[in-house]
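Presented below is the structure to which this report refers.
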Amino acid sequence: MEINYLKPAEKKGLVVVITGGGKGKTTTALGIAVRACGHGMKVSILQFMKGDIY
107 MEINYLKPAE KKGLVVVITG GGKGKTTTAL GIAVRACGHG MKVSILQFMK
157 GDIY
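Residue numbers (this note's numbering): 107 to 160.
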């Protein structure tokens, strides 16, 4: 008996950009990140700050 296994599909990254006025963008980003971590994915969060140096 011969069993042929398929190679797993290449894993690709995903970039999510959350923009808009008002509140909720950071909460949304952290929620997505926590869910992805729960599924065993690697997560990075990057935030661009506008204005003067903080």
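Glycine included, every Cβ here is placed at the ideal spot set by N, Cα and C. Small disclaimer: the values here were computed from a predicted structure and weren't measured.
Three-state secondary structure assigned by DSSP to T125: Under the three-state reduction of DSSP output, T125 falls in the coil class, being neither helix nor strand.
Start and end residues, alpha helix (DSSP H) containing I138: Its alpha helix (DSSP H) spans residues K131 to G144.
Using the C-alpha atoms, what's the distance from T125 back to K113? The alpha-carbon of K113 is positioned some 37 Å away from that of T125.
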